[in-house]
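Below is one structure, written out as structure tokens; comments come after it.
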Amino acid sequence: MGNAPASLFPIPYSLFPVPYSLFPVPCSLFPVPFFNPMNAIFVPWLHMHQPPIWWNHQPLGNLEKMLNGDPNSEEGWNAQWFAQAYKNPAKYARDLSQRGLQPRMMVDYSGVLLEELAKLSGDGTFANRHVDGEPLGDVIALWREVLNEYPEAIEFAGTAYSHCYFPTTPERDWEAQIMGWKQVFGDLFGAAALERVKGFWLPEMGMMGEPQRAIALIRLLKRCGYEWLILPASALSRPEGWTTPQLENQVHELRVQGDAETESILCVVRDTDMGIRQQSGHNADGCLNDIRYRLEVFEREQLSGPPLIVPTSDGENGNVMMFEYFKNTFVPLVEMMPQLADVEMLTVSQYLDRHLDGQTPTAVSLNTTGGSWIGGHNSWNEGDRRQAIALRIEALSRRVAEQAAPGDPSWDEARQLLLVCETSCFVYWNAEFWFDQADAFLGKLEDLLATPV
Numbered sequence: 006m007g008n009a010p011a012s013l014f015p016i017p018y019s020l021f022p023v024p025y026s027l028f029p030v031p032c033s034l035f036p037v038p039f040f041n042p043m044n045a046i047f048v049p050w051l052h053m054h055q056p057p058i059w060w061n062h063q064p065l066g067n068l069e070k071m072l073n074g075d076p077n078s079e080e081g082w083n084a085q086w087f088a089q090a091y092k093n094p095a096k097y098a099r100d101l102s103q104r105g106l107q108p109r110m111m112v113d114y115s116g117v118l119l120e121e122l123a124k125l126s127g128d129g130t131f132a133n134r135h136v137d138g139e140p141l142g143d144v145i146a147l148w149r150e151v152l153n154e155y156p157e158a159i160e161f162a163g164t165a166y167s168h169c170y171f172p173t174t175p176e177r178d179w180e181a182q183i184m185g186w187k188q189v190f191g192d193l194f195g196a197a198a199l200e201r202v203k204g205f206w207l208p209e210m211g212m213m214g215e216p217q218r219a220i221a222l223i224r225l226l227k228r229c230g231y232e233w234l235i236l237p238a239s240a241l242s243r244p245e246g247w248t249t250p251q252l253e254n255q256v257h258e259l260r261v262q263g264d265a266e267t268e269s270i271l272c273v274v275r276d277t278d279m280g281i282r283q284q285s286g287h288n289a290d291g292c293l294n295d296i297r298y299r300l301e302v303f304e305r306e307q308l309s310g311p312p313l314i315v316p317t318s319d320g321e322n323g324n325v326m327m328f329e330y331f332k333n334t335f336v337p338l339v340e341m342m343p344q345l346a347d348v349e350m351l352t353v354s355q356y357l358d359r360h361l362d363g364q365t366p367t368a369v370s371l372n373t374t375g376g377s378w379i380g381g382h383n384s385w386n387e388g389d390r391r392q393a394i395a396l397r398i399e400a401l402s403r404r405v406a407e408q409a410a411p412g413d414p415s416w417d418e419a420r421q422l423l424l425v426c427e428t429s430c431f432v433y434w435n436a437e438f439w440f441d442q443a444d445a446f447l448g449k450l451e452d453l454l455a456t457p458v
């Protein structure tokens, strides 16, 4: 998700709006009334990423390349709105909070995107760009203000430094990807903001199904300080008889059974239908209808806990996210909240702190193949070009590990370049431009490793 310019991104949509009930089931029908049954928790989530590219014989952020292009081209037009999209969550969180409202949202930004936003904020590029009548300004400074002054408004999830696809990334590089992101985020926003990062976003929502590899990833996430992750429904084995809201709108304990060992972690699940609709232009009223439908299912099925509804989508790709989402959906929803008795906005960790305390979450397991935001893994591991790139990455990863010399500038550069080579975008789009980007970075790394470190 969030891998390329809007013009390249296929945006699906739902043809079948979900109805909702006007007649909620009374509270007395619930056997364990530890919550207000007339209350659903809504958590919109925006995913943000732009890949690095090899341009004019040097690495460059894709956003910077787009901004430096022909301003009258589609790419040049998109670039300014992409940049504004990366600013929007912080801008609206601040503005709505200053009005006395209570905006709530989840976001995740790849490490390479955060680095690029810091560069463009610091070198004057954003200061000299005006979008919708106002300068872009220092996007990182705005985020720093929001995280310090309104920390309850937006929760960041951690992710991988370069937006790697974990199921195809060498296991030996996972920790560097995870800790690389934490290093970037902590350097930009400080230790207090980093300490509040409790959940993890798997790039492309990619989760492997092999038990031993899944156990290794979960243990690593927990060792790195993460308490929960978000998964697509496609990665999970649906228990027999479960409705979609039962799977997608409850907190679960993901349990993975391996060779004589078990590992577990809390997981929330993407609301698939609402995530698609969020990307394609779900307005505030339609959003409320879908939330109330899920609440009605919980009441009818007498399910425990307030429904947790987490639609996720790219935060920049497509006209809806560039021009419409905040004005037509997010702001009206936040403005409605004080008058609504049955819907509330929280972040995921706020939900867990408030509603999971003392409760035992339902157990779920991975299916045998795992999954991703589009279902399977084919877009990252199928085809000759993708497999050739994966083989080169594996070989170079092994060489970097064998030559390990932390603190040596040449080795540090090689490891950093290796992480960039693992960017999922290079293979996802199945396009020569992106395959060529992988080849360029891999070639540079091969040249670097040919010189002893």
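To convert, count from 1 in the sequence shown and add 5; that's the working numbering.
Built from N, CA and C at the ideal position, the CB exists for glycine as well.
Values in this document were obtained by computation on a predicted structure and should not be read as measured data.
Residue i and residue j closer than 7 Å at C-beta
i	j	result
Gly66	Asp75	no
Pro156	Val339	no
Met327	Ala90	yes
Trp145	Leu199	According to the sequence as given, residue 145 is Ile; it is not Trp. Cβ distance not < 7 Å, so Ile145 and Leu199 don't count as in contact.
Asp276	Pro316	yes
Val369	Leu293	no
Tyr170	Trp385	yes
Gln217	Leu424	no
Glu427	Ser167	yes
Phe440	Arg390	yes
Gly286	Val325	yes
Lys70	Trp60	yes
Leu236	Val274	yes
Gly214	Leu371	yes
Nearest-angstrom Cβ-Cβ length linking residue i and residue j, presumed shorter than 8 Å
i	j	result
Met212	Gly375	5 Å
Leu271	Pro208	That belief does not hold up - the Cβ atoms of Leu271 and Pro208 are roughly 20 Å apart, past 8 Å.
Arg177	Ser415	Between Ser415 and Arg177 the Cβ distance is about 19 Å, and since that is not below 8 Å, they are no contact.
Leu72	Ala84	5 Å
Pro175	Glu387	The Cβ separation is near 18 Å, so there is no contact.
Tyr114	Met53	4 Å
Pro250	Val302	4 Å
Phe190	Leu119	7 Å
Val48	Val353	6 Å
C-beta neighbour in chain B for residue i, strict 7 Å
i	result
Glu321	In the displayed structure, chain B is absent; only one protein chain is listed.
Reduced DSSP secondary structure (H/G/I, E/B, other) of residue i
i	result
His382	coil
Pro57	strand
Gln408	coil
Tyr170	coil
Asp444	helix
His459	Limits of the chain in this structure are 6 at one end and 458 at the other, which puts residue 459 out of reach.
Leu236	strand
Thr365	coil
Val315	coil
Phe438	helix
Glu304	helix
Asp389	helix
Pro64	strand
Glu176	helix
Glu451	helix
Val48	coil
Asp347	coil
Extent of the continuous alpha helix (DSSP H) to which residue i belongs
i	result
Ala90	Glu79 to Gln103
Ser341	Note on residue identity: the sequence assigns Met, not Ser, to residue 341. Start and end: Val336 to Met341.
Trp179	Trp179 to Phe194
Ser415	Pro414 to Cys426
His360	Val353 to His360
Gln251	Thr249 to Glu253
Gly204	That residue, Gly204, is in no alpha helix (DSSP H); its beta strand (DSSP E) goes Gly204 to Trp206.
Met71	Asn67 to Leu72
Glu120	Gly116 to Gly127
Ala219	Pro216 to Arg228
Ala146	Val144 to Glu154
Status (buried if at least 16 other CB within 10 Å, exposed otherwise) for residue i
i	result
Glu266	exposed
Leu313	buried
His62	exposed
Gly323	buried
Ala158	buried
Thr373	exposed
Gly246	exposed
Gly116	buried
Phe28	Reliability of the predicted coordinates at Phe28 is poor, the pLDDT of 33 falling under 50, and the value obtained from them is presented with this limitation in mind. The residue is exposed, with fewer than 16 neighbouring Cβ atoms inside 10 Å.
His257	buried
Asn133	exposed
First and last residue of the uninterrupted beta strand (DSSP E) at residue i
i	result
Glu268	Thr267 to Val274
Phe431	That residue, Phe431, is in no beta strand (DSSP E); its alpha helix (DSSP H) goes Cys430 to Tyr433.
Arg260	His257 to Gln262
Ala158	Element bounds for Ala158: n/a, residue is neither H nor E.
Met210	Run containing Met210: none; DSSP gives neither H nor E here.
Contact test: residue i Cβ vs the ligand ADP heavy atom, cutoff 6 Å
i	result
Pro366	What this structure holds is no ligand at all, so the ligand ADP is not there to describe.
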